[in-house]
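Take a look at the structure below.
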Amino acid sequence: MYTINEFESRAKLDQALTDQVAEILVSAVKLKGKASIAVSGGSTPKGFFTALSNMDLPWKQITVTLADERWVDITDDASNTKLVHENLLQNKALDANFFHIKQGDELTVEVLSDLNLAAGTTVLPFDVLILGMGEDGHTASLFPCSNEIHSALSRDAAPLLKVVPQTAPHERITFSYAYLAQSQNTFLHICGDSKKEVLEKALADSDTTQMPIRAFLHHESLATQVYWAE
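Its first residue numbered 3, the sequence shown is counted upward by one per residue in this note's numbering.
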């Protein structure tokens, strides 16, 4: 299931999303003593990251992580970890915790095993999940072009998986659909006319292996909130 929320500008979208996410995180901390949020990379969320970083939240009880990451050095411009540290873990959010899903030089079976164990005790299930969407309908690093797409979409998958896309650079690590879908609150944050066209294509069919974002939009009980601005 999905709900589409359209905004007149990206600034208004960023503020609305910030207010909604802040309220959820505060409520989670009050209820459980902690909260977790998984975010995505790209240029689209930068304004949201900055706005959220300036919110007066119980950041010491909040853990931030990534829905997926390229297996590159965290100083590389392609690193989502670098993006989050430069744009979200700033200002008042300097006190937040960060769960690294890119650890070490090689993405080995042993590294994955350790990360899966740590994720289960640290961030899962997410209180908030912010997804993006590519022109091919991929989300996180659930790529339709990858050999791992069926296992990544399986409800029996481990929390974190290695993915090697055929049409995009870099080896990836990603949370699987099964664990992304367990988030208490899921948002799809997209901007621009081209992404709206991709969204409309995704809504017109249900084949998740062709467009993995459909797994969230057409889920029978997962309520995905789509936030879009031109």
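Every residue gets a Cβ at the ideal spot worked out from N, C-alpha and C, and that includes glycine.
None of these values were measured; they are calculated from a predicted model.
Given this structure, state the Cα-to-Cα distance separating residue i from residue j, to the nearest angstrom.
{"i": "His-220", "j": "Met-3", "result": "5 Å"}
{"i": "Val-166", "j": "Gln-63", "result": "34 Å"}
{"i": "Val-31", "j": "Asp-138", "result": "36 Å"}
{"i": "Leu-114", "j": "Pro-171", "result": "20 Å"}
{"i": "Leu-155", "j": "Pro-214", "result": "8 Å"}
{"i": "Asp-209", "j": "Val-130", "result": "25 Å"}
{"i": "Val-86", "j": "Lys-164", "result": "21 Å"}
{"i": "Asp-97", "j": "Ile-6", "result": "33 Å"}
{"i": "Asn-187", "j": "Lys-36", "result": "15 Å"}
{"i": "Asn-83", "j": "Ser-223", "result": "A small fix is needed here, since residue 83 is Thr in this sequence, not Asn. So the two alpha carbons sit approximately 31 Å from each other."}
{"i": "Ala-142", "j": "Glu-10", "result": "26 Å"}
{"i": "Ser-81", "j": "Ser-29", "result": "30 Å"}
{"i": "Leu-19", "j": "Phe-50", "result": "7 Å"}
{"i": "Leu-182", "j": "Phe-128", "result": "8 Å"}
{"i": "Val-125", "j": "Tyr-179", "result": "15 Å"}
{"i": "Glu-25", "j": "Leu-59", "result": "9 Å"}
{"i": "Leu-117", "j": "Val-74", "result": "16 Å"}
{"i": "Ala-199", "j": "Lys-48", "result": "Inspection of the sequence shows that residue 199 is occupied by Glu rather than by Ala. C-alpha separation (whole angstroms): 22 Å."}
Please confirm whether residue i and residue j have their CB atoms less than 8 Å apart.
{"i": "Ile-103", "j": "Glu-150", "result": "no"}
{"i": "Thr-1", "j": "Ala-69", "result": "Because the chain here runs from 3 to 232, residue 1 falls outside it and cannot be looked at."}
{"i": "Pro-161", "j": "Ala-206", "result": "no"}
{"i": "Phe-189", "j": "Ile-132", "result": "yes"}
Can you have a look at residue i and say buried or exposed, based on whether 16 or more other CB atoms are within 10 angstroms of its CB?
{"i": "Asn-56", "result": "exposed"}
{"i": "Lys-197", "result": "buried"}
{"i": "Arg-157", "result": "exposed"}
{"i": "His-152", "result": "exposed"}
{"i": "Gly-136", "result": "buried"}
{"i": "Leu-33", "result": "exposed"}
{"i": "Thr-77", "result": "exposed"}
{"i": "Leu-90", "result": "buried"}
{"i": "Cys-147", "result": "exposed"}
{"i": "Gly-43", "result": "buried"}
{"i": "Thr-110", "result": "exposed"}
{"i": "Gly-106", "result": "exposed"}
{"i": "Thr-123", "result": "exposed"}
Which residues bound the beta strand (DSSP E) around residue i?
{"i": "Arg-157", "result": "Taken as a continuous stretch (DSSP letters only), Arg-157 belongs to no beta strand (DSSP E), as it is neither H nor E."}
{"i": "Val-228", "result": "226-231"}
{"i": "Glu-8", "result": "4-9"}
The alpha helix (DSSP H) spanning residue i covers which residue range?
{"i": "Phe-218", "result": "216-219"}
Is residue i near the ligand COA, with its Cβ less than 7 Å from a heavy atom?
{"i": "Ser-81", "result": "Only the bare structure without any ligand can be found here, which leaves the ligand COA out of the picture."}
Give a yes or no on whether the minimum CB-CB distance between residue i and chain C is below 8 Å.
{"i": "Phe-100", "result": "In the structure shown, chain C does not exist; there is a single protein chain."}
Legend entry - Length at least 3, wholly inside the region 12-84: the beta strand (DSSP E) runs in chain order: 37-41, 64-68, 70-72
Legend entry - 3-residue-minimum beta strand (DSSP E) runs that sit fully inside the region 186-212, ordered along the chain: 188-193
Inset, instruction - Ignoring anything shorter than 3 residues or poking outside the region 106-190, list the beta strand (DSSP E) runs there in chain order. - result: 130-133, 162-165, 174-177
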